[in-house]
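Trainee:
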Amino acid sequence: MDRRNFLQWAGAASAMAFTSSPVFADWSPRRPINIILPYKAGGGTDSFARAMASVSGDLVPVPLVVVNKPGSSGITGATEAAAARPDGNTVMLTSAGSFLLTSMLRGTDVNPFDSFEIIGQIGNLTTSLFVPANSPYGSAADFVAAAQASPGKLRWAHTGRGGIHHVAGQGFLSANGIEAVDVPFKGGAGVRAAIIGEQVDFAFTGIQQAAGFEDQLRVLGLNATARDAIKTGIPTLPEQGFKIAEVSSPIVLFAPRGVEPDILSGMEKMLQDIAQLPAFAEIMAERGNTLAFLPGAEAKARLMKMQEDAAPIIASLKSSN
-2 MDRRNFLQWA GAASAMAFTS SPVFADWSPR RPINIILPYK AGGGTDSFAR AMASVSGDLV
58 PVPLVVVNKP GSSGITGATE AAAARPDGNT VMLTSAGSFL LTSMLRGTDV NPFDSFEIIG
118 QIGNLTTSLF VPANSPYGSA ADFVAAAQAS PGKLRWAHTG RGGIHHVAGQ GFLSANGIEA
178 VDVPFKGGAG VRAAIIGEQV DFAFTGIQQA AGFEDQLRVL GLNATARDAI KTGIPTLPEQ
238 GFKIAEVSSP IVLFAPRGVE PDILSGMEKM LQDIAQLPAF AEIMAERGNT LAFLPGAEAK
298 ARLMKMQEDA APIIASLKSS N
């Protein structure tokens, strides 16, 4: 699906489901809503938050304010968000996959299930295998053959140990008999810069990081079982014959534990209405992000399944440390 068809699809979906009412169930916010973003500005998750804030004016009677709180692979911001008053005025938008896996790997004081209520999912980031534009590896097969022939010689970038891209990348390497030296960076923009600057030989990070930089880097494959809705020309790694760790990064909105049910349902409706705005779909397409709304219960079920599937990989990472 190319960008024009994607926007036509998003517009049709919006026409069927969109409502312009600013009243969400029994909840109507009276003060600005702070969206804690536990990463630096410029990454894939940050772009979702800023797009939400920019298009929400006709739907939400108060501003949505993005507050970047990076640190400790997203745990710094998550800790602050979990400690906020559960009144609907502070929420957190994050890569729920990274949050989940980091909490599993490190045994953090905060985690997606015990510290928060899940409002809903608004998008999805798919991990992909990147190399510099002038890399000798023209395909995933080229890369795998070279990496297998030189164990421990290649360096690779990701957005933080225990995060979704680290786990997905390490899962792919382990499944295909590859040893390489990992180099963590703070945020997707940092990983992209490392690839473009040839500081590393390859990277695993979100596919959206390729948007606008196609002449400076090369995407060899998606760490997924299905192609991306926007970057449809990029093959998945399984369709090229390689095993993957099937983990992904849903973009999820969380509220502090203890929020009232009417506030939670109202915020879920707010998130759904924002996701159905044609303007939001257009921004997402321009930035290479995949829009994918799920209500809170379905988003939680997806995270719980990911927790189950990732447990063996996390156990392996813990034993290797």
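Residues in the sequence shown are numbered consecutively from -2, following the working numbering.
All residues carry an ideal CB built from backbone N, CA and C; glycine is no exception.
Computed from a prediction, not measured in an experiment: that's the story for all the values here.
Cutting at 6 Å between CB atoms, please list the residues of its own chain near residue 167, excluding the five before and the five after it.
Mentor: Here the set comprises nothing.
Trainee: Determine the burial state of residue 301: buried for a count of at least 16 other Cβ atoms within 10 Å of its Cβ, exposed for fewer.
Mentor: So residue 301 counts as exposed.
Trainee: Around the Cβ of residue 43, are there at least 16 other Cβ atoms within 10 angstroms (buried) or fewer (exposed)?
Mentor: Residue 43 comes out buried.
Trainee: Since residue 314 is in the alpha helix (DSSP H), which residue starts that stretch and which ends it?
Mentor: Per DSSP, residue 314 belongs to the alpha helix (DSSP H) from 293 to 317.
Trainee: Count the other CB atoms, across all protein chains shown, that sit within 10 Å of the CB of residue 244; report buried if there are 16 or more and exposed otherwise.
Mentor: Buried: at least 16 other Cβ atoms inside 10 Å.
Trainee: Kindly give me the distance between the Cβ atoms of residue 220 and residue 201, rounded to whole angstroms, as I take these residues to be in contact under 8 Å.
Mentor: About 7 Å; that satisfies the 8 Å criterion.
Trainee: For residue 20, does the count of other Cβ atoms within 10 angstroms reach 16, so buried, or fall short, so exposed?
Mentor: Residue placement at residue 20 is poorly supported in this model, since its pLDDT is 49, which falls under 50; the coordinates still yield a value, given next. Result: exposed.
Trainee: For the putative contact between residue 247 and residue 121, defined by C-beta atoms under 8 Å, what is the C-beta separation to the nearest angstrom?
Mentor: Sure, about 5 Å apart at Cβ, within 8 Å.
Trainee: Could you name the residues of the same chain whose beta carbon sits closer than 6 Å to that of residue 52, not counting the 5 residues immediately before and after it, in chain order?
Mentor: Correct list, in chain order: 274, 276 and 277.
Trainee: Please give me, in chain order, every unbroken run of the alpha helix (DSSP H) with length at least 4 that falls completely inside the stretch 71 to 116.
Mentor: With a minimum length of 4 residues, the continuous alpha helix (DSSP H) runs that stay inside the stretch 71 to 116 are 72 to 79 and 93 to 103.
Trainee: Examine the Cβ distances between the stretch 132 to 146 and the stretch 281 to 301 and report whether three or more of them are shorter than 8 Å.
Mentor: Judged by Cβ distances under 8 Å, the stretch 132 to 146 makes no contact with the stretch 281 to 301, as fewer than three pairs qualify.
Trainee: Is residue 179 helix, strand or coil when you go by DSSP?
Mentor: In the structure shown, residue 179 sits in a strand (DSSP, three-state: E or B).
Trainee: With a threshold of 6 Å on Cβ separation, who are the neighbours of residue 76 within its own chain once the five nearest residues in sequence on each side are excluded?
Mentor: Hits under 6 Å: 107.
Trainee: Can we say the stretch 123 to 136 touches the stretch 212 to 230, given the rule of at least three CB pairs closer than 8 Å?
Mentor: Yes, the stretch 123 to 136 is in contact with the stretch 212 to 230.
Trainee: Less than 7 Å separating the beta-carbons of residue 98 and residue 184?
Mentor: The answer is no: Cβ separation not under 7 Å.
Trainee: Is it right to say residue 82 is buried, meaning 16 or more other beta carbons lie within 10 angstroms of its own, or is it exposed?
Mentor: Under this definition residue 82 is an exposed residue.
Trainee: Just to confirm the assignment, what range does the beta strand (DSSP E) spanning residue 210 have?
Mentor: It is not in any beta strand (DSSP E) - residue 210 carries neither H nor E in the DSSP assignment.
Trainee: Counting pairs of beta carbons, one from the stretch 21 to 36 and one from the stretch 53 to 72, are three or more of them closer than 8 Å?
Mentor: Flag = yes, the stretch 21 to 36 and the stretch 53 to 72 touch.
Trainee: Output the distance between the C-alpha atoms of residue 65 and residue 105, rounded to the nearest integer angstrom.
Mentor: Their Cα atoms are separated by approximately 20 Å.
Trainee: Going by the CB atoms, is the gap between residue 268 and residue 40 shorter than 7 Å?
Mentor: Against a cut-off of 7 Å, the Cβ pair of residue 268 and residue 40 comes out as no contact.
Trainee: Got a sec? Which residues, its chain only, sit under 6 Å from residue 178 by beta carbon, not counting five neighbours each side?
Mentor: If we look at residue 178 and ignore the five residues flanking it on each side, its Cβ neighbours are 152.
Trainee: For residue 249 and residue 115, which I take to be in contact (beta-carbon distance under 8 Å), what is that distance rounded to the nearest angstrom?
Mentor: So it is a contact: roughly 6 Å between Cβ atoms.
Trainee: Please name the residue or residues paired with residue 216 in a DSSP beta bridge.
Mentor: For residue 216, which the question treats as bridged, DSSP gives the partners 127.
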